[in-house]
Every structure is written in C-alpha cells, then in structure tokens.
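A quick write-up on the structure given underneath.
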Amino acid sequence: MEKKVVYLSLSIGLYCFLASLWVIFSIYKNKIGYLNRIESYYIHDFETLPAFLCSVGLFVWFKNIKIQYNRWINMCASSTFVVYIIHQVPIFYENLWNDLFAFERFASEKYFFVYFILAVAVIFIVCVIIDQICLNLSKSYYRGII
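So that you can map any letter, position 36 of the sequence shown is 104 in this note's numbering, and since no number is skipped, the others follow by simple counting.
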C-alpha cells in the first residue's frame, strides 16, 4: 500500500509541477522570447522527458490497482485503442478538431474547458459505438462462416 501512495504522490507532484510550468510559460512567453522555444521543446511535446515520467508514474500506479470485473469498463478499455486510431487518422484529425468542433474559434471563450471536455467525451463515445458495431458485425459474419 505504501508504494502505491509513493507512486501516486510522485505522479501527481510531477504533473502539478509541469502544469505550473505550462501556466508560467504561457503567461510570460510573449514577454521573454526564448521561453517560447523552451516551452515548445520541453513542455508541450509528447516526446519530452517530463511527459514520459508522468506516463510511467501513472502507469505504475494504475498497474497496482485491483479493480473488480466490470462489463462497461472492459468494453471501454477494449475500444480505447480503436478510439485512438480513429481520431488520430490524418483525414479525421483535421475534420474533427478544426472543422466539426472548431477548437480554434472557441479557444478564447469563457466555457472553453467545458466545451473541450464535452467534445472529447462525444468523440470517445461515438468511436466506442463505431467499434462495438464493427465487433458485432464481424462476430456475426464469422459465425456464419464457421
């Protein structure tokens, strides 16, 4: 139990530290020119060491959690990779983020965070539904063959 607390504390602490850096860099990047380069290379990218450390910490924390069987959790978990594939395909990516949800237009709005969370939830739910339809169609097709 103590290891779980340590991993969770490290992960949350590192995440809070990175979030603080992101806020500081976002505020001062226009005033101090070189902060813009530092921010783009070391804070925002997914391939950075801090992002990797946060990922490892969260992975280890979730790895040690004992969760009882839940049909809905397993269905969502089995569809998560498909959700990632669907919404990151270049054809869909531009249409989803720039055309359909138009995040750039709403970035300065008061309720952007709520809009963002709802949009992500809608994308996830629609992609899970698409995956479940494909799974059911393929199961019925293969039952007919076998």
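Don't be surprised by glycine CBs; every beta carbon is placed ideally from N, CA and C.
First and last residue of the alpha helix (DSSP H) that includes residue i?
{"i": "threonine 116", "result": "Unbroken run through threonine 116: none, as it is neither H nor E."}
If you run the structure through DSSP and keep just helix, strand and coil, what is residue i?
{"i": "asparagine 138", "result": "coil"}
{"i": "isoleucine 153", "result": "helix"}
{"i": "glutamate 172", "result": "helix"}
{"i": "glutamate 177", "result": "coil"}
{"i": "asparagine 132", "result": "coil"}
Report the CB separation of residue i from residue j in whole angstroms; it is logged as a contact under 8 Å.
{"i": "cysteine 195", "j": "valine 157", "result": "Between valine 157 and cysteine 195 the Cβ distance is about 11 Å, and since that is not below 8 Å, they are no contact."}
{"i": "proline 118", "j": "leucine 82", "result": "7 Å"}
{"i": "leucine 164", "j": "isoleucine 191", "result": "6 Å"}
{"i": "isoleucine 198", "j": "isoleucine 154", "result": "7 Å"}
Beta-carbon of residue i versus every beta-carbon of chain C: anything under 7 Å?
{"i": "isoleucine 154", "result": "This model lacks chain C altogether; it includes just one protein chain."}
Would the segment 124–137 count as touching the segment 166–178 if we require 3 or more Cβ pairs under 8 Å?
no
- Query: Do three or more CB pairs link the segment 172–190 to the segment 130–137 at distances below 8 Å?
  - Reply: no
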